[in-house]
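Each position in the sequence shown, counted from 1, maps to that position plus 203 in the numbering used here.
Worksheet: the structure to be examined is printed underneath.
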Amino acid sequence: MNRLARLLFAFILIFTMGGGGPAVNAAAAGQGAGHSVDLEGRLDVIHSDDFVRNKSEIRYTLITDQGEELELQFDDPHPSLPNTERIRFRGVRNGNVVVAESGSVQPAGAALAAPAAVEKKVAVILFKFTDSDQSQSLPYSTAFAAGVALNNTNSVTNYYRENTW
């Protein structure tokens, strides 16, 4: 056997015996190589695109209340996750990799109480441009500006109140 064939054979042997990277380790974790755990924590989702290679990747990380970061994997390539920051689930852990059992991911209760509402001061500045035509030379009223920024049902304030948690 020539040297190249021996190196290739050694590489294949090492790869199939468990040194093969995340795909092999994930398969091993899913086959019971680790231990069953119930976990709860903050879910971080990172989406990245590689336009040169035409690839995209989504990485899931669970940050436990003790500050431990665990790579979270799923059997399903498109897992159905609750629309929340904190999750609870059952899975198989092997080192820092956890494979979640299908359908076990549920929203978790908040670890801390929501912060109290704090009053903030906002300045809204109205401009009158002198180079515009007469029909548009009058600025908006202060009541109109307050409605857009603060008071209306479709105001900027209500938008942030509804879309932050």
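In this text, a Cβ means the ideal position worked out from N, Cα and C, and glycines have one as well.
None of the values given here were measured: they were computed from a predicted structure.
The stretch 240-250 touching the stretch 268-276, judged by at least three CB pairs closer than 8 Å: Output reads yes: the stretch 268-276 touches the stretch 240-250.
Under the three-state DSSP convention, the category Val351 falls into: As a first step, residue 351 is located in the sequence shown; it is residue number 148 there, counting from the start. Val351: helix per DSSP, three-state reduction.
Buried or exposed by the 16-neighbour rule on C-beta atoms within 10 Å, applied to Phe347: Taking the first residue of the sequence shown as position 1, residue 347 is located at position 144. Classification of Phe347: exposed, given that the 10 Å Cβ count is below 16.
Helix, strand or coil at Glu288 [DSSP, three-state]: Position 85 of the sequence shown holds residue 288. In this structure, Glu288 counts as coil in the three-state DSSP scheme.
Through-space distance from Asp253 to Asn354, alpha-carbon basis: Looking up residue 354 in the sequence shown gives position 151. Looking up residue 253 in the sequence shown gives position 50. Those two C-alpha atoms are separated by around 43 Å.
Collapsed DSSP secondary structure at Tyr343 in the structure displayed: Residue 343 sits at position 140 when you count from the first residue of the sequence shown. Reduced to three states, the DSSP call for Tyr343 is coil.
For Ile328 and Tyr363, the rounded distance between their alpha carbons: Locating residue 363 in the sequence shown gives position 160, counting from the first residue. Locating residue 328 in the sequence shown gives position 125, counting from the first residue. Tyr363 and Ile328: Cα-Cα distance of roughly 20 Å.
C-alpha gap between Leu216 and Glu304, whole angstroms: Start at 1 with the first residue of the sequence shown, and residue 216 comes out as number 13. Start at 1 with the first residue of the sequence shown, and residue 304 comes out as number 101. With a pLDDT of 45 at Leu216, under the threshold of 50, the modelled position of that residue is not reliable, and no figure is offered here.
Selected residue, minimal CA-CA separation from Gly312, among Ser344, Ile290 and Ser283: For the purposes of this step, residue 312 is taken as the residue at position 109 of the sequence shown. Closest option to Gly312, Cα to Cα, is Ile290.
Beta bridge counterpart(s) of Lys323 as assigned by DSSP: Stepping through the sequence shown from its first residue, residue 323 is reached at position 120. In the DSSP output, where bridge partners are listed per residue, Lys323 has none listed.
Beta bridge counterpart(s) of Asn297 as assigned by DSSP: Within the sequence shown, the letter at position 94 stands for residue 297. Its beta-bridge partners are Val300.
Pairwise C-alpha distance: Asp334 and Gly350: As a position in the sequence shown, residue 350 is number 147, starting the count at 1. As a position in the sequence shown, residue 334 is number 131, starting the count at 1. Rounded to the nearest angstrom, the two C-alpha atoms are 27 Å apart.
With 16 other Cβ atoms within 10 Å as the buried cut-off, status of Gly294: Position 91 of the sequence shown, counted from the start, is the residue given in the question as residue 294. Answer is buried; the Cβ neighbour count reaches 16.
Own chain residues within Cβ distance below 6 Å of Arg262, not counting five before or after: Residue mapping note: residue 262 aligns to position 59 of the sequence shown, counting from 1. Here the set comprises Ile249.
Secondary structure of Glu243, DSSP reduced to three states: Residue numbering aside, residue 243 sits at position 40 when the sequence shown is read from its first letter. Strand at Glu243.
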